[in-house]
Every structure is written in structure tokens, then in C-alpha cells.
Amino acid sequence: MAKTRPGRKDLDSYTIRGTNKIVRVGDCVLMRPSDTSKPPYVARVEKIEQDSRNNVKVRVRWYYRPEESIGGRRQFHGAKELFLSDHYDVQSAHTIEGKCVVHSFKNYTKLENVGAEDYYCRFEYKAATGAFTPDRVAVYCKCEMPYNPDDLMVQCEGCKDWYHPACVGMTIDEAKKLDHFVCSECSSDDDMKKPHATFPVSPGSDGKVRLPDALLLLVLLFHCTSKCFRDIKD
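With the numbering used here, letter number 25 in the sequence shown gets 25, and the count goes up by one each step, no holes.
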């Protein structure tokens, strides 16, 4: 833990100038960039300190946006995704312009409403090397990409895997009208016996996936034919 320099003292909190918002150690804040055309920087406050002239400084740990990382923004990075870096800095508290919340990835996907001050983080990032922790994450769909919470996905009733509508030949509008979905691999499995249940459109959401009536009839006919064949064979 860093020691306080002579003539300085640690503060428990800081009130953002021009507001009644109070910042404490551990809070996430929005910090004003020198280039006002850019979005605010996001950081976690590690320490608040005041010098003998009453100037308040904050020691922060920066969050990086995907486009600020060495590898750049990729398809699976969400619009509100941040990386917690190992880059620390000391800034004037006057550069803090607001507070925000950086959720865990799991908690972010459970939010019913995402506000302007809601972000999420699923990776830690080493600024010098561009390395991520963890360096492996689960992948989904035929495209084998990590989950992007901004993208609509449908879940197969058979294998329980998630698919992007475009990857299975559907439009977004078609996917939103579905109640049930079976991927091509599971639909060719004669032994599949799955109850017709409603599954969420994306992990953590309450959307529904609906099959067109004609396709549902074909599925029911397929199950009936397969069962009869097995009964006769037995």
C-alpha cells in the first residue's frame, strides 16, 4: 500500500465539483479527456489525497475500451465493454465529471435496463504486452465467437447452444417471432425427444423464439413417424 507523502493526507471521499455526487475509494468514475470530442475515460479510484494547498488528487486504475487495446475492437466486444488494466495514474480530482458502474459480465447480462452509466468488464488487460486474463472464454454458434450481449441470439432446444440468426439463415425479425428453435444438427437426430418449451432469445433475457406453424407441423410429423418406426422395429 502506498504511503502518504509529507504534507498530504488521505481523504475518505470527494464531492464532484458542481454536483452532490460523492466519490469514495473503490468507486468507478468518468474522467474528462483533454480532447472533448472523445468519450470520457473510465477509471476505478484507488486513493484520494489532499495536499497542503488543499488540492485533491486521485490515484486511479484505468479501464481501457476495446479500441484502445493493442488488438483493437473485435466483433464480440460489446458497446459498453471495458478491460480493467494494470495502468495506474494520478490525476486531479477536478477531472472527474461523473460516476459510473462497471458490472461483472454475468451481472450485466441480467440487467433489465442498461443505462448510460452502466458498463461491464470480463477481462483484465496488461497495457504493455496486450495480454488478457482470462485468455480463453466460451464460444458459441457456428462462427465460434464469444458472446456479445448486444447481439440477439437464439437457443437450440436440443444441444442448448446459442446461435446468431444470420448464422442459421434467419433475419432478426424472424428470430424474434420464434417460440422454438432446433439447430440443423439436432433436427437430424432421430432420437431427440424434447418437450416444446420456451427459451430466452439471449442469455439473461425474457424474449421468446417462435417457429412458423408450417415448420412446427413438419417437426411434429417427423417425431410421430420416427416413433412409429421404432415401435414396429421393437
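Heads up, the beta-carbon is just placed ideally off N, CA and C, and yes, glycines get one too.
- For D179, there is no enclosing alpha helix (DSSP H), as DSSP gives it neither H nor E.
- In its chain, beyond the 5 residues on either side, C156, G158, C159 and M192 have a beta carbon closer than 7 angstroms to the beta carbon of C186.
- For E185, the enclosing alpha helix (DSSP H) starts and ends at S184 to S187.
- Note on K142: under 16 other CB atoms within 10 angstroms of its CB, so exposed under the neighbour-count rule.
- The C-beta distance from D161 to Y140 rounds to 6 angstroms, short enough to fall under 8 angstroms.
- In the displayed model, C100 falls within a strand according to three-state DSSP.
- For T15, the enclosing beta strand (DSSP E) covers residues S13 to T15.
- A direct Cα-to-Cα measurement between S92 and P134 gives close to 32 angstroms.
- Counting of Cβ neighbours within 10 angstroms places V45 among the buried residues, the total reaching 16 or more.
- Between L111 and G7, the alpha-carbon positions lie close to 44 angstroms from each other.
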